[in-house]
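Worksheet for the structure shown next.
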Amino acid sequence: MKNQMFKKVMPLVISAAMLVPAMSPAMVMAEGGEFAGRKITLTTAEDWWNDTYQGLIDAYEEASGVEVEVNILPATTASEVIKSQFATGELADITMNSASPSELTYMRASETLLSVSDQPWVEKISDTSGFLYFDGNLYGLPLASQDFWGFTANKNVLEACGLEVPTSKEELVNCFDVLLEKGYIPFYCGAGDSWMCGNITSSGIAKEMEEDPGVVELYNTNQRHYSDSESFKAMLQDVSDWAAAGYFGDNFMSQTWDGMQDAVANDECGFNIGLTSWLTTVDNMFGEGTSDKLELIPYYIGMNDTIYQSTCCELYIAQNSKNIDVCLDMFNWLTQDENLQRLYDGLGALSIFKGINSNGMRPSTQSLMEKLSDGTYGLHVSHNSVIQGQDWDVFCSLMQEVYMGNMTPEEFCEEYDDFRYSICVALGLEGF
Amino acid sequence: MLKKKMYPRYFLLLTLLVYIVFYIVPSLLGLVYSFTDKTIYSGDAMNFVGFRNYLQLIRQNRFVTGLKNTFSFTIITMILKNVLGFGFALALNQKLKTKNVLRAVYYLPVILSTLIVAQIFKAMLLPDKGIISQFLLPFSSALAHFDWLGSRSTAMYMVMIVDIWKGAGYCMVIYLAGLQAVPQDCHEAARIDGATGWQTFWKVTLPLMISSVSINVLLCVIGGLKVFDLIIALTNGGPGMATQVLNTTIYSYFGSGALSTGCAANVMLTILVVICFALVKQVFNRVEEKTL
């Protein structure tokens, strides 16, 4: 009798024991928030994603019991893939994209994205750029640094060549000549990827905007074109001349991330394009203090002598997402002060949120901030963030022709104006 | 008497429906859109604009460059894939102990995914770090430092080499099948008549292989005109517009939201493929008539 009972009970006990590990995740999840057990998807690119973001997402998963599936796209194809996703409407619940809807018009914000203007965290945002709002609405969570970009001078290399950090375009070109003579790459340029290729043109119409802020409206109503801009063409001419003179090295059509970090860390180049949060990346990759030798100076190119204030990566919720409630919950959690502090400490860059000051800012970043505060350096915003109807991939493929000396600034402007015209027509912009 | 069994015609309906929904309707819609101003931003609204999109395309340097590159890519890869494929087939049609292994080796690139092939070659062709650079280093540091995919003068040739490497095995298989169908007595008769190896190939083997050549050339022409994935993965059309072909141009139009312009370019590509197909087919029909 006892034996029979044992035989009946034991299988039940064993099966229950075997179910425990299988059930445990659900039990843990049940301890999370009201959305425990739900799953959301997030699409981003390897250029924009880093350990700090991932750490924060992991912490949210732990706190809420929500599973966040992060799909990280390769840097080289991310912009095309995301553009296609917006064209077809097949979006993840959350998409991290490189800029605001005013800059990336293909996102068709009012049709595809959820407006988050009424969310409680919006009042924490301190927007100095004016780019975040589009059609009077805020469509994304600007959960990235407010980055400042400049030409990055490697003081170690300059010192080895007996040079000072340049304070004008003439001095910069003089440095290039000396560096070239001494066997250094004067200016590391990975024009193979659109990020570097297009970024150098950010200041193209800065001079015009400084003289007449209303000039942007002329571009956006088909009354002015890139081919009318002397400052834009002067910038293109410099790119072409510098490439022809060998200032960008032999292989300037490489991918930035294939070699730039090493070239900077190993003192192989005198200058490159850098940004404030990237200084933290350098330290993380090559050891604390590596970035101390770097100094961000203005884009001394064309007619420009200012630092570039960029728009920042934002997280966008798809209007057709079935998990809008979970996404908003995640946004609310991410924008709690302690989480924002953790994020900006990790990024080591300026915060776009009021009262959040990063403790991870590198000395080079602090030095730049001081120069911006005391007026030593001015700021510019990129032409493509204010002039509508851009296609960055086409822009950059034409820019590569300029780098290679296969297209003159005039030819570039004519061809891009023509391509931009078709986009502006597609967008239904007034005047096109 | 056994009656010939006929399947009911309605068996065709399902296949026909799939074909109409997924091929005919999209093609017709594309044709209609190419004469309108439809964009991804315009919703259902569209206006008839005649040939405006076509005229705009012909004026654009981007499209013309794509057209030129497509033709040069198609012609060069078609010739080399066929020459190499025929060469491999002739070599592996001999009595070799290793012929089955070698056939598998030459055919292997065909079964690999184009994207994987592109990634492998991208890594191999990296300046300084790639395996090809490492191989070239003892001979010339300049060559080892050279950016094969990033240089305007070499990028298109590199893409062609990869395409030929990947496609020659496919041509080889078709030629091998053709060679095995060539009657041995023709070769023996030629040998008895004192024909040299070259004469046998030129006067006997090649004429009897015309149908295989025709198939291979047609497939290579169509594949070349439609090339897309290899270029997107290997160079993304760059540097500049050096490897821009028709399909990557169409992709950029669709990417920028200009649906109607993209559709117009697509219609032009389709017409081009049909014309090339008809021309090549006609040429080979005449050659076949002459030889048989």
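Protein sequence lines, in the order shown, are assigned to chains A and B. Mapping the first sequence onto our numbering, position 25 (from 1) lands on 25, and the numbers just tick up by one. Adding 1000 to a residue's 1-based position in the second sequence gives its number in our numbering. Heads up, the beta-carbon is just placed ideally off N, CA and C, and yes, glycines get one too.
Cβ-based burial, residue i [other Cβ within 10 Å; buried from 16]
i: S24(A); result: Residue placement at S24(A) cannot be trusted, given a pLDDT of 43 that sits under 50; the coordinates are not used to answer.
i: F1011(B); result: exposed
i: T1015(B); result: exposed
i: Q1060(B); result: buried
i: G431(A); result: exposed
i: V1021(B); result: exposed
i: Q1056(B); result: buried
i: G1043(B); result: exposed
i: R1009(B); result: exposed
i: I1024(B); result: exposed
i: V28(A); result: Caution is warranted here: a pLDDT of 41 is assigned to V28(A), below 50, making its placement in the model unreliable, and the coordinate value is therefore given only provisionally. Under this definition V28(A) is an exposed residue.
i: W1202(B); result: exposed
i: A45(A); result: buried
i: P484(A); result: As displayed, chain A neither begins before 1 nor continues past 432, which places residue 484(A) out of reach and without an answer.
i: A22(A); result: Caution applies to A22(A), whose pLDDT of 44 falls short of 50 and renders its modelled position unreliable; the model cannot decide the point.
i: N1247(B); result: buried
i: W1148(B); result: buried
i: Y60(A); result: buried
i: G1050(B); result: exposed
i: F1135(B); result: exposed
i: V1221(B); result: buried
i: P74(A); result: exposed
Beta-carbon proximity of residue i to residue j, cut-off 8 Å
i: M1160(B); j: I1076(B); result: yes
i: S168(A); j: N137(A); result: no
i: D447(A); j: G274(A); result: A query on residue 447(A) cannot be resolved here, the shown segment of chain A reaching from 1 to 432 and no further.
i: F1063(B); j: A1265(B); result: yes
i: P433(A); j: Y377(A); result: Because chain A spans 1 through 432 in this model, residue 433(A) falls outside it and cannot be assessed.
i: K1068(B); j: V1110(B); result: no
i: G302(A); j: D238(A); result: yes
i: S227(A); j: E401(A); result: no
i: F437(A); j: F286(A); result: Look at the range of chain A in this structure, 1 to 432, and you will see that residue 437(A) is not part of it.
i: Q366(A); j: L429(A); result: no
i: T335(A); j: W121(A); result: yes
i: G86(A); j: Y106(A); result: Before going further, note that residue 86(A) is Phe rather than Gly in the sequence given. Cβ atoms of F86(A) and Y106(A): closer than 8 Å.
i: G33(A); j: D329(A); result: yes
i: R342(A); j: L279(A); result: no
i: L372(A); j: I356(A); result: no
Terminal residues of the beta strand (DSSP E) in which residue i lies
i: M1241(B); result: Counting along the chain, M1241(B) falls outside any beta strand (DSSP E), and DSSP gives it neither H nor E.
i: P363(A); result: P363(A) -> not in any beta strand (DSSP E); alpha helix (DSSP H) instead, spanning P363 to S373.
i: D378(A); result: For the sequence presented, residue 378(A) should be read as Gly rather than Asp. G378 to H380 is the extent of the beta strand (DSSP E) around G378(A).
i: G150(A); result: F148 to N154
i: G274(A); result: C269 to L275
i: T43(A); result: K39 to A45
i: N97(A); result: I94 to N97
i: F187(A); result: I185 to F187
i: N68(A); result: Just to set this straight, residue 68(A) is Val in the shown sequence, not Asn. That run of the beta strand (DSSP E) goes E67 to L73.
i: Y316(A); result: E314 to I317
i: Y139(A); result: Where Y139(A) is concerned, there is no enclosing beta strand (DSSP E), given that its DSSP letter is neither H nor E.
i: E295(A); result: L294 to I297
i: Q309(A); result: T306 to Q309
Where the alpha helix (DSSP H) through residue i begins and ends
i: H1187(B); result: Q1184 to I1192
i: E230(A); result: E230 to A244
i: L1031(B); result: V1025 to Y1033
i: N384(A); result: H383 to V386
i: Q1060(B); result: Careful: Q1060(B) lies outside any alpha helix (DSSP H) and carries neither H nor E.
Residue i: CB within 7 Å of a non-hydrogen atom of the ligand ATP
i: E62(A); result: In the structure shown, the ligand ATP is absent, as is every other ligand, since no ligand is present at all.
>> Could you check whether the segment 225-238 of chain A touches the segment 195-205 of chain A, counting it as contact only if at least three pairs of C-beta atoms, one from each stretch, sit closer than 8 Å?
In response: yes
>> Please identify, using Cβ separations under 7 Å, the residues of the segment 1257-1287 of chain B that lie next to chain A, in order along the chain.
In response: G1257, A1258 and T1261
> What residues from the segment 1038-1054 of chain B come within 8 Å of chain A, judged by C-beta to C-beta, listed N to C?
Replying inline: T1039, I1040, Y1041 and S1042
> Okay, do the segment 1115-1124 of chain B and the segment 1092-1106 of chain B touch, 3+ Cβ pairs below 8 Å being the bar?
Replying inline: no
> Does the segment 304-315 of chain A come within contact of the segment 378-397 of chain A, defined as at least 3 CB pairs closer than 8 Å?
Replying inline: yes
>> Counting beta carbon pairs with one atom in the segment 205-224 of chain A and one in the segment 402-417 of chain A, are three or more of them shorter than 8 Å?
In response: no
> For the segment 1274-1288 of chain B against the segment 1205-1212 of chain B, are there 3 or more C-beta pairs whose distance is under 8 Å?
Replying inline: yes
> Taking a cut of 9 Å between CB atoms, which residues from the segment 1124-1154 of chain B lie near chain A?
Replying inline: L1126, P1127, D1128, K1129, A1142, H1145, F1146, D1147, L1149, G1150, S1151 and R1152
> For the segment 64-76 of chain A against the segment 1220-1231 of chain B, are there 3 or more C-beta pairs whose distance is under 8 Å?
Replying inline: no
> For the segment 1268-1277 of chain B against the segment 1044-1053 of chain B, are there 3 or more C-beta pairs whose distance is under 8 Å?
Replying inline: no
> Residues in the segment 94-112 of chain A with C-beta within 7 Å of chain B's C-beta atoms, listed in sequence order?
Replying inline: Y106 and R108
>> Using a Cβ-Cβ cutoff of 9 Å, what residues of the segment 222-256 of chain A are near chain B? List them in chain order.
In response: D250, N251, F252, M253, S254 and Q255
>> At a CB distance below 8 Å, what residues from the segment 34-51 of chain A approach chain B? Give them in sequence order.
In response: none
> Do the segment 1117-1133 of chain B and the segment 1031-1042 of chain B make contact, defined as three or more Cβ pairs closer than 8 Å?
Replying inline: no
>> Could you check whether the segment 169-180 of chain A touches the segment 259-275 of chain A, counting it as contact only if at least three pairs of C-beta atoms, one from each stretch, sit closer than 8 Å?
In response: yes
> Listed from N- to C-terminal order along the chain, which residues in the segment 412-426 of chain A have their beta-carbon within a distance smaller than 8 Å of any beta-carbon of chain B?
Replying inline: E415, D418, F419, S422, I423, V425 and A426
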